[in-house]
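Top line first, the protein sequences correspond to chains A and B. According to my numbering, the first sequence holds residues 18 to 331 in order. According to my numbering, the second sequence holds residues 18 to 331 in order. We put the CB at the ideal spot given by N, CA and C, even for glycine.
2 protein chains.
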Amino acid sequence: MNVHRALFDAHVERWSAALPAGDLYAPMAYLLALPGKRIRPTLTLMACELFGADPRNALDQALAIELFHNFTLMHDDIMDAASLRRGRPTVHAQWNVNTAILSGDAMLVMAYSVLGSDPYILSVFNQHALEVCAGQQLDMEFEQRAEVGLAEYREMIRLKTAVLLSAALRIGAIKAGATEADQQRIAAFGEGMGLAFQLRDDLLDAFGDPAVTGKEQGGDLRNGKKTWLLIRGLEVERDRGSSALRDQLAHEPSGRDVAVMIMALRELGVEQEAQQEVRRLAGTALEELGRIDPTGDRTAALRALAISLIDRAA
Amino acid sequence: MNVHRALFDAHVERWSAALPAGDLYAPMAYLLALPGKRIRPTLTLMACELFGADPRNALDQALAIELFHNFTLMHDDIMDAASLRRGRPTVHAQWNVNTAILSGDAMLVMAYSVLGSDPYILSVFNQHALEVCAGQQLDMEFEQRAEVGLAEYREMIRLKTAVLLSAALRIGAIKAGATEADQQRIAAFGEGMGLAFQLRDDLLDAFGDPAVTGKEQGGDLRNGKKTWLLIRGLEVERDRGSSALRDQLAHEPSGRDVAVMIMALRELGVEQEAQQEVRRLAGTALEELGRIDPTGDRTAALRALAISLIDRAA
Numbered sequence: 018m019n020v021h022r023a024l025f026d027a028h029v030e031r032w033s034a035a036l037p038a039g040d041l042y043a044p045m046a047y048l049l050a051l052p053g054k055r056i057r058p059t060l061t062l063m064a065c066e067l068f069g070a071d072p073r074n075a076l077d078q079a080l081a082i083e084l085f086h087n088f089t090l091m092h093d094d095i096m097d098a099a100s101l102r103r104g105r106p107t108v109h110a111q112w113n114v115n116t117a118i119l120s121g122d123a124m125l126v127m128a129y130s131v132l133g134s135d136p137y138i139l140s141v142f143n144q145h146a147l148e149v150c151a152g153q154q155l156d157m158e159f160e161q162r163a164e165v166g167l168a169e170y171r172e173m174i175r176l177k178t179a180v181l182l183s184a185a186l187r188i189g190a191i192k193a194g195a196t197e198a199d200q201q202r203i204a205a206f207g208e209g210m211g212l213a214f215q216l217r218d219d220l221l222d223a224f225g226d227p228a229v230t231g232k233e234q235g236g237d238l239r240n241g242k243k244t245w246l247l248i249r250g251l252e253v254e255r256d257r258g259s260s261a262l263r264d265q266l267a268h269e270p271s272g273r274d275v276a277v278m279i280m281a282l283r284e285l286g287v288e289q290e291a292q293q294e295v296r297r298l299a300g301t302a303l304e305e306l307g308r309i310d311p312t313g314d315r316t317a318a319l320r321a322l323a324i325s326l327i328d329r330a331a
Numbered sequence: 018m019n020v021h022r023a024l025f026d027a028h029v030e031r032w033s034a035a036l037p038a039g040d041l042y043a044p045m046a047y048l049l050a051l052p053g054k055r056i057r058p059t060l061t062l063m064a065c066e067l068f069g070a071d072p073r074n075a076l077d078q079a080l081a082i083e084l085f086h087n088f089t090l091m092h093d094d095i096m097d098a099a100s101l102r103r104g105r106p107t108v109h110a111q112w113n114v115n116t117a118i119l120s121g122d123a124m125l126v127m128a129y130s131v132l133g134s135d136p137y138i139l140s141v142f143n144q145h146a147l148e149v150c151a152g153q154q155l156d157m158e159f160e161q162r163a164e165v166g167l168a169e170y171r172e173m174i175r176l177k178t179a180v181l182l183s184a185a186l187r188i189g190a191i192k193a194g195a196t197e198a199d200q201q202r203i204a205a206f207g208e209g210m211g212l213a214f215q216l217r218d219d220l221l222d223a224f225g226d227p228a229v230t231g232k233e234q235g236g237d238l239r240n241g242k243k244t245w246l247l248i249r250g251l252e253v254e255r256d257r258g259s260s261a262l263r264d265q266l267a268h269e270p271s272g273r274d275v276a277v278m279i280m281a282l283r284e285l286g287v288e289q290e291a292q293q294e295v296r297r298l299a300g301t302a303l304e305e306l307g308r309i310d311p312t313g314d315r316t317a318a319l320r321a322l323a324i325s326l327i328d329r330a331a
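1) Would you please verify whether the beta carbon of S264 of chain A is less than 8 Å from any beta carbon of chain B?
2) Using CA coordinates, which residue listed in B:W32, B:G166, B:L212, B:A195 is at the minimum distance from Q293 of chain B?
3) Assess, as a yes-or-no matter, whether the region 63 to 79 of chain B is touched by the region 168 to 185 of chain A under the definition of 3 or more beta carbon pairs within less than 8 Å.
4) Just verifying my parser: in three-state terms, what is the DSSP assignment at P106 of chain B?
5) To which residues of the same chain is D357 of chain A closer than 6 Å at the C-beta, ignoring the five residues directly before and after it?
6) Report all residues from its chain with a CB closer than 6 Å to the CB of L298 of chain A; omit the five preceding and five following residues, and keep chain order.
7) Would you mind working out which of A:M124, A:D77, A:V114 sits nearest G133 of chain A, comparing C-alpha positions?
8) Starting from N143 of chain B, follow the alpha helix (DSSP H) in both directions and report where the run begins and ends.
9) How would you call T116 of chain A, buried or exposed, if buried means at least 16 neighbouring beta carbons within 10 angstroms?
10) Please state the DSSP three-state secondary structure of L221 of chain A.
11) Counting only beta-carbon atoms, is M157 of chain A nearer than 8 Å to chain B?
12) Going by C-alpha distance, which of B:L139, B:Y129, B:Y137, B:Q144 is nearest S140 of chain A?
13) For N143 of chain A, decide whether its Cβ has a neighbour in chain C, counting only Cβ atoms nearer than 8 Å.
14) Mind listing the chain B neighbours of C65 of chain A? Cutoff is C-beta to C-beta under 7 Å, in chain order.
15) Buried or exposed, going by whether 16 or more other CB atoms sit within 10 Å of the CB of T12 of chain A?
16) Which same chain residues, not among the five before or five after V229 of chain B, have their C-beta less than 7 Å away from its C-beta?
17) Determine, using beta carbons only, whether S33 of chain B and L51 of chain B come nearer to each other than 8 Å.
18) Determine, for N341 of chain B, whether the minimum Cβ-Cβ distance to residues of chain A falls below 8 Å.
19) In chain order, what are the residue ranges of uninterrupted alpha helix (DSSP H) at least 4 long that sit wholly in the region 59 to 119 of chain A?
20) By the three-class DSSP mapping on this structure, what secondary structure does S51 of chain A have?
21) What is the rounded straight-line gap between the Cα of E172 of chain B and the Cα of Q153 of chain B?
22) For my contact list, A291 of chain A and L221 of chain A are in at a C-beta cut-off of 8 Å; report their separation, rounded to the angstrom.
23) Going by C-alpha distance, which of B:E305, B:F85, B:L251 is nearest R283 of chain B?
24) Along the region 67 to 98 of chain B, what residues have a CB closer than 7 Å to any CB found in chain A?
25) In chain A, which residues lie with their C-beta within 8 Å of the C-beta of V126 of chain B?
26) Would you call the region 88 to 96 of chain A and the region 107 to 122 of chain A touching, i.e. three or more CB-CB distances under 8 Å?
27) Residues in the same chain with beta-carbon distance under 7 Å from H109 of chain B, minus the five sequence neighbours each way, listed in chain order, please.
28) Are the C-beta of P44 of chain B and some C-beta of chain A separated by less than 8 Å?
29) Whose Cβ in chain B lies nearer than 8 Å to the Cβ of L119 of chain A?
30) Listed from N- to C-terminal order along the chain, which residues in the region 29 to 61 of chain B have their beta-carbon within a distance smaller than 8 Å of any beta-carbon of chain A?
31) Hey, out of A:V165, A:K177, A:H145, A:A261, whose CA is closest to T244 of chain A's CA?
32) For the alpha helix (DSSP H) holding G250 of chain A, just list the boundary residues, first then last.
33) Beta carbons nearer than 7 Å to chain A: which residues of the region 161 to 174 of chain B have them?
34) Run through chain A and tell me which residues come within less than 7 Å of P227 of chain B, C-beta to C-beta.
35) Would a check of beta-carbon distances place L139 of chain A closer than 8 Å to chain B?
36) Helix, strand or coil for D122 of chain B, going by three-state DSSP, please let me know.
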């Protein structure tokens, strides 16, 4: 992974340094330079190498994926009225909303500019880009709704998060000339990993160490955010006739006792259930890798990356 | 023109009718259905036919141009805090800002989805799409600046308005296999027409008949919008040592006497100068058409459209 990450870092730095001056471009360079894992472009390069090509061949496609991802961050932060991202002001907080809208738009155009004109890559990219928009739309709808089911939540996460990991891998594979069957396997691996990754995120909010995550423990719970944990917790409570979570949600966010909510999730068995679900999703995803590479030699790095993502503490 | 317009109208209606349900897509259909001239897609079809191909071959590219144009309208209306477009509520007024951001994003992705994968068309589209963003960026910057020069204004209009007309024509020409030289000519025609079209817009604001335009006479002047007329008017005033425009601009918008400002523009010779400039730009543009088609037979419809746009009263 480090080799691929270093390759990509150099590529994105060259690209950022070549941007024209002005407020249309400066927010792009600013957002790209915030500390981040750069998982998606790394996956593109690794998939390209896995199927026998030089990962450098996929640098522009990896860049397109990363530009697209950052475009969604720029606009999602406006929609969520978020003032901080990775501990730094968001683009609309640092500049203003109009600049964040317009610079995001231009960033999406630039993603297409570097993506190239391979018809198959374009169609995978377009399809997944639209799915990411549909996922964000669902996410906003869920905030307005009183009840969201676990299956709906999973579909939202699939669209909003998992499909882009899937597209990142598939595009790297296409670039290397992988067979359709192998493309489907690597895409399924990505989707499963994306679901596991997001569920791990939900777990970290409630059960992570705030000194490591850098976030308030249970921030999502306090805000009543309909995550896997809260949705499932309320389901189990309904079955059992208990109401610790529901009672806390009846208060305003500032009046909620987050420690009580976390305790309730533990007692309801939801923490354990979520951990099992992460392992199940990751296991199924890794099986897809096994179908591509039965000996495991060529996929060792991808496996290690996958495991580091689902075991991560921050 | 009517044939091309009818072809396109049927295509866009089919496309809109096939959109999935939900708030991600409904704003697209809503905006596309507002009464509009649909100049850009019509130009794409006409250019395709001019260079010897069936205009139906360029329907998807014309749709891509129209989707892109409507995406910019959706986002520009947010940035300009505009509540009305063509007499109807803007998307963010009808739904909300977040929906307008996200539906606009998805509309841009869908523009690419229908554009196809011709590398040359993609590169023309990408370049011009980025220029349109740069034009909107300049437009917003100019609002914050005390002084804007005529050359800067022209460059802003070129980027924000003229290049998309140019791209619409060029893409139609590429689709028909036109030579590079002919592509450059039709693109130059489009750019000149776009500049003339926008200057005609500025003239109609001050000197048009509000009963025909449907807008408050001198609305741009009241708002101190830095149009060609106001920029040039202030220049001439400075040279002459007069100050009617400047005096009015010293008041708040609600206290400005628009009739005095319109009179001043007439007396300073700016109305006449702008009319000459429209004719000059249109004349140069039409010369480019003459280079493509010396007898004028094949370009009669394009010429008629161009003349109707610069002579229009609304």
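Once the coordinates are examined:
1) At residue 264 of chain A the sequence reads Asp, which differs from the Ser that was named. No, D264 of chain A lies away from the interface with chain B (no Cβ there is under 8 Å from its Cβ).
2) B:L212
3) no
4) strand
5) Coverage of chain A is limited to positions 18 through 331, which leaves residue 357 of chain A absent and any answer about it impossible.
6) G209, L212, A213
7) A:D77
8) 136 to 161
9) buried
10) Note: L221 of chain A maps to helix in three-state DSSP.
11) yes
12) The candidate whose alpha carbon is nearest that of S140 of chain A is B:Y129.
13) Within the model displayed, chain C is absent; protein chains A and B are what it includes.
14) The premise fails here: C65 of chain A is roughly 20 Å from chain B at the closest Cβ pair, so nothing lies under 7 Å.
15) Coverage of chain A is limited to positions 18 through 331, which leaves residue 12 of chain A absent and any answer about it impossible.
16) A330, A331
17) no
18) No answer is possible for residue 341 of chain B: it lies beyond the span of chain B, which begins at 18 and ends at 331.
19) 76 to 96, 108 to 111
20) Per the sequence presented here, residue 51 of chain A reads as Leu, with Ser not at that position. Three-state DSSP puts L51 of chain A in coil, outside helix and strand.
21) 11 Å
22) Going by Cβ atoms, the distance from A291 of chain A to L221 of chain A rounds to 11 Å, so no, they are not a contact pair.
23) Ranking the options by Cα distance to R283 of chain B, first place goes to B:L251.
24) H92, I95, M96
25) L125, N143, A146, L147, C150
26) yes
27) D94, I95, A117
28) Cβ-Cβ to chain A under 8 Å: no for P44 of chain B.
29) H92, M96, C150, Q153, Q154, M157
30) G39, D40, L41
31) A:V165
32) 245 to 257
33) none
34) Per Cβ cutoff of 7 Å: no residues; P227 of chain B is ~29 Å from chain A at best.
35) yes
36) Three-state DSSP puts D122 of chain B in a helix.
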